[in-house]
Amino acid sequence: MNKRIASIDALRGIAIIMMILCSSIGWNSGLPAWMFHGQCPPPTYAFDPTVKGITWVDLVFPWFLFSMGAAIPFALGSRLRKGIGIGRISLGLVRRWLTLAAFGLILGNAGLVADYSAWAPSLLRLGIWCGLFLALWRVPGKRGWVVNLAGALVIVAMLLVERFVFGAKLGLHNIDIIIMVLSLVALLGGFAWLLTREHLSWRLAILALVFITKEVNWHTHALDVLAFPGWIDWLLRWSYVQYLFVVLLGTIVGDVLALVSSEGVSPCENPLSTRSTIAAGLCFLMTPLALWGFFTRHIWILFAAVFVLGALAMWLTRKDNSAWTIIMKIGLAALQFGIVFDPIDGGITKDHCNMSYMLSTAGLACLMVSFLLWCESAGALRGRSLSRVLTMTGQNPMIAYTIVWFVIMPLLSACGFGHFMNATVGNPILGLLQGLIITGLMVGATCFLTSRRIFWRS
Numbered sequence: 493m494n495k496r497i498a499s500i501d502a503l504r505g506i507a508i509i510m511m512i513l514c515s516s517i518g519w520n521s522g523l524p525a526w527m528f529h530g531q532c533p534p535p536t537y538a539f540d541p542t543v544k545g546i547t548w549v550d551l552v553f554p555w556f557l558f559s560m561g562a563a564i565p566f567a568l569g570s571r572l573r574k575g576i577g578i579g580r581i582s583l584g585l586v587r588r589w590l591t592l593a594a595f596g597l598i599l600g601n602a603g604l605v606a607d608y609s610a611w612a613p614s615l616l617r618l619g620i621w622c623g624l625f626l627a628l629w630r631v632p633g634k635r636g637w638v639v640n641l642a643g644a645l646v647i648v649a650m651l652l653v654e655r656f657v658f659g660a661k662l663g664l665h666n667i668d669i670i671i672m673v674l675s676l677v678a679l680l681g682g683f684a685w686l687l688t689r690e691h692l693s694w695r696l697a698i699l700a701l702v703f704i705t706k707e708v709n710w711h712t713h714a715l716d717v718l719a720f721p722g723w724i725d726w727l728l729r730w731s732y733v734q735y736l737f738v739v740l741l742g743t744i745v746g747d748v749l750a751l752v753s754s755e756g757v758s759p760c761e762n763p764l765s766t767r768s769t770i771a772a773g774l775c776f777l778m779t780p781l782a783l784w785g786f787f788t789r790h791i792w793i794l795f796a797a798v799f800v801l802g803a804l805a806m807w808l809t810r811k812d813n814s815a816w817t818i819i820m821k822i823g824l825a826a827l828q829f830g831i832v833f834d835p836i837d838g839g840i841t842k843d844h845c846n847m848s849y850m851l852s853t854a855g856l857a858c859l860m861v862s863f864l865l866w867c868e869s870a871g872a873l874r875g876r877s878l879s880r881v882l883t884m885t886g887q888n889p890m891i892a893y894t895i896v897w898f899v900i901m902p903l904l905s906a907c908g909f910g911h912f913m914n915a916t917v918g919n920p921i922l923g924l925l926q927g928l929i930i931t932g933l934m935v936g937a938t939c940f941l942t943s944r945r946i947f948w949r950s
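Convert by adding 492 to the 1-based position in the sequence shown; the result is the number in our numbering.
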């Protein structure tokens with residue numbers, strides 16, 4: 493039986509923490525451009541696709557997608573070993589898709605009323621979150637559906653209040669785009685893994701097909717004519733499918749880790765050796781190095797640095813054929829190709845997303861997983877575990893994703909702390925402090941619920 497790999501939960505936890513931090517820092521506080529999305533720089537924060545480069549903020553979404561893909565072999569593999577049939581597993585994938593899509597639709601419409609300075613909208617958002625809590629709570633026992641149904645009814649009631657009391661114009665195109673992308677690629681990624689779980693070459697073929705299709709369309713826009721009709725494009729968009737590339741790469745890493753876990757061997761041989769320690773440090777170093785190179789547009793210096801440092805890391809671990817070095821090599825290859833495609837794609841951008849972006853960020857996710865695996869293995873030899881803050885946050889992603897804007901912010905405003913946020917204008921220290929406080933509250937609340945074994949379906 494596969495044991496949970498803490499490094500995957502930790503990567504997801506890092507992505508969530510970065511997501512909340514970047515969305516809660518003071519936007520008008522004078523913080524530098526690398527603290528925000530590459531294509532939404534200060535002082536206007538207006539979307540500008542002509543800006544090239546990425547920042548740490550732009551790692552959030554692909555790292556979350558990658559961790560979701562890496563978890564697929566564990567989740568679906570466990571069901572197969574329990575004797576659950578392909579048909580039932582497929583039905584579960586469809587149910588998860590529709591659940592996440594409904595979740596994204598609810599969040600999108602709930603966002604129509606977001607005035608934290610007034611008590612009535614704040615109470616409405618708290619009510620919607622309570623409904624979501626009950627509807628998505630994995631309640632132990634056979635009567636859990638009663639609690640879930642009660643939550644669904646609460647959500648319907650709150651949305652009716654939003655519509656007829658607050659006058660919000662509810663609609664199918666009011667969506668949380670992040671959740672909608674997650675819902676579709678989770679479905680496609682799950683089916684792709686089921687079909688190719690014993691044939692890696694087939695999955696690589698799907699990966700290549702996604703790559704070629706995306707790259708051709710990036711330069712020619714030939715597939716833009718295949719748009720779904722307006723009545724369904726809130727749920728199905730071709731632009732969602734491009735992110736399947738990151739998920740599929742994650743499933744390959746997940747297969748490597750699932751095999752290691754099933755065999756009961758360590759993912760890292762001799763992690764306390766000097767060679768392994770230096771190589772792990774180089775894996776970690778790749779993230780700040782790549783962000784610097786892409787943001788400052790020193791692309792060929794970045795290419796040379798990654799080549800030299802990557803070659804050094806592989807040379808140091810040339811006798812180590814364990815999981816973490818395999819994943820490290822995958823990450824280095826993806827990152828190097830991402831750097832090469834930067835000039836081919838006209839410069840790396842998250843929006844609109846190009847292959848340079850997906851290759852580079854997926855490669856950095858691999859390298860971060862490799863570093864975390866080394867930390868996990870080295871810590872195990874010393875009788876320590878990987879950071880529980882990161883792993884517990886990563887185990888409860890949907891709670892962490894919603895609790896700030898539906899619980900923490902309304903409560904802070906109700907307690908009179910809303911004035912502090914106005915004080916961050918023009919002050920970068922206070923702007924960053926605001927983000928750190930809100931993120932810390934999210935982590936504390938999420939870890940508390942996780943420690944009580946309270947999880948949402950996701």
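Where a beta carbon is used, it is the ideal one built from N, C-alpha and C, also for glycine.
Where residue i falls, given that 16 or more other Cβ within 10 Å makes a residue buried
i: C939; result: buried
i: I836; result: exposed
i: S902; result: Checking the sequence, you will find Pro at residue 902 rather than Ser. By the neighbour-count rule (16 or more Cβ atoms within 10 Å), P902 is buried.
i: K634; result: exposed
i: P613; result: buried
i: F595; result: buried
i: T688; result: buried
i: S950; result: buried
i: T885; result: buried
i: A803; result: exposed
i: W807; result: exposed
i: T942; result: buried
i: G649; result: What sits at residue 649 in the sequence shown is Ala, not Gly. Flag for A649 reads exposed.
Reference residue i; option with closest CA among the options
i: G584; options: R571, R944, G596 and I831; result: R571
i: I819; options: E868, R876 and L749; result: L749
i: W723; options: R789, I581 and G663; result: G663
i: F833; options: A606, H711 and R876; result: H711
i: I500; options: V586, W555 and R789; result: W555
i: A797; options: L597, L781 and I497; result: L781
i: P534; options: I831, T542, A525 and L618; result: A525
i: I671; options: V646, A700 and R588; result: R588
i: L924; options: V638, L523, F558 and S848; result: L523
i: L777; options: L859, R949, H665 and P632; result: L859
i: P763; options: W807, D812, A538 and L592; result: D812
i: Y849; options: M650, T547 and F539; result: T547
i: E690; options: I667, D747 and V739; result: D747
i: K821; options: G636, F799, I840 and A602; result: F799
i: M847; options: R630, F787 and L701; result: L701
i: V552; options: L933, R876, G569 and H529; result: H529
i: I946; options: P541, S582 and W629; result: W629
i: A937; options: F909, V896 and G908; result: V896
i: L676; options: L592, Y537 and A502; result: L592
i: D550; options: T809, F787, L922 and V673; result: F787
i: L827; options: L922, C775, R876 and G838; result: C775
i: A825; options: G839, F656 and A805; result: A805
i: L728; options: L679, R876, T809 and A507; result: L679
Beta-carbon contacts of residue i that lie in its chain and below 8 angstroms, excluding the five residues immediately before and after
i: T996; result: Within the shown structure, residues of the chain are numbered from 493 to 950, placing residue 996 beyond reach of any answer.
i: W730; result: L715, L718, A719 and F720
i: V605; result: P613, L616, R617, E654, F658 and A660
i: S814; result: V752, V757, S758, P759, C760 and E761
Nonlocal neighbours in the same chain, by C-beta distance under 6 angstroms from residue i, ignoring five residues either side
i: V653; result: none
i: L741; result: A854
i: A785; result: The question names Ala, but residue 785 in the sequence shown is Gly. Closer than 6 angstroms at Cβ, skipping near neighbours: L794.
i: A857; result: W555 and F558
i: I698; result: A684
Residues near residue i by beta carbon distance below 7 angstroms, same chain, minus five either side
i: W816; result: P759, C760, S862, L865 and W866
i: R789; result: K544 and G545
i: I667; result: G596, L597, G600 and W726
i: F539; result: Q531, C532 and D843
i: I578; result: L686
i: F905; result: Sequence check: residue 905 is Ser here, not Phe. Here the set comprises Y608, S609 and S614.
i: P541; result: Q531, T841, D843 and H844
Any non-hydrogen atom of the ligand ATP closer than 8 angstroms to residue i Cβ
i: P534; result: As far as ligands go, the structure on display features none, and thus does not contain the ligand ATP.
For the 8 angstroms Cβ check, are there 3 or more pairs between the region 915–923 and the region 867–886?
No, because fewer than three Cβ pairs between the region 915–923 and the region 867–886 fall closer than 8 angstroms, the two stretches do not touch.
Is there contact between the region 764–779 and the region 721–738, where contact requires at least three CB pairs shorter than 8 angstroms?
Flag = no, the region 764–779 and the region 721–738 do not touch.
Whether or not the region 504–513 and the region 890–900 are in contact is what I'm after, with contact meaning three or more pairs of Cβ atoms, one per stretch, closer than 8 angstroms; do they touch?
Segments in contact, yes.
Should the region 749–767 be regarded as contacting the region 859–872, the criterion being three or more beta carbon pairs within less than 8 angstroms?
Yes, the region 749–767 is in contact with the region 859–872.
Taking 8 angstroms as the cut-off, does the region 641–660 touch the region 617–624 (at least 3 CB pairs, one atom from each stretch)?
Yes, the region 617–624 is in contact with the region 641–660.
In chain order, which beta strand (DSSP E) runs of at least 3 residues are fully inside the region 691–752?
Whole beta strand (DSSP E) segments, 3+ residues: zero.
Residue ranges of each alpha helix (DSSP H) run of no fewer than 4 residues wholly in the region 883–935, ordered along the chain?
Those alpha helix (DSSP H) runs which fall completely within the region 883–935 and span 4+ residues are 889–895, 901–906 and 910–915.
Report the residue ranges of all alpha helix (DSSP H) runs contained in full by the region 538–624; include only those spanning at least 4 residues, in chain order.
Annotation note: the region 538–624 contains the following uninterrupted alpha helix (DSSP H) runs of length 4 or greater, listed N- to C-terminal: 552–573 and 578–602.
Can you check the region 768–820 for any alpha helix (DSSP H) of at least 4 residues that lies completely inside it and give the ranges in chain order?
791–808, all fully within the region 768–820.
Three-pair Cβ contact test at 8 angstroms for the region 514–521 versus the region 926–945
Three or more beta-carbon pairs separated by less than 8 angstroms link the region 514–521 to the region 926–945, which places the two stretches in contact.
Could you pull out every unbroken beta strand (DSSP E) segment of at least 3 residues lying fully inside the region 625–697, listed in chain order?
When DSSP assignments are scanned along the region 625–697, no uninterrupted stretch of beta strand (DSSP E) that is 3 or more residues long falls wholly within it.
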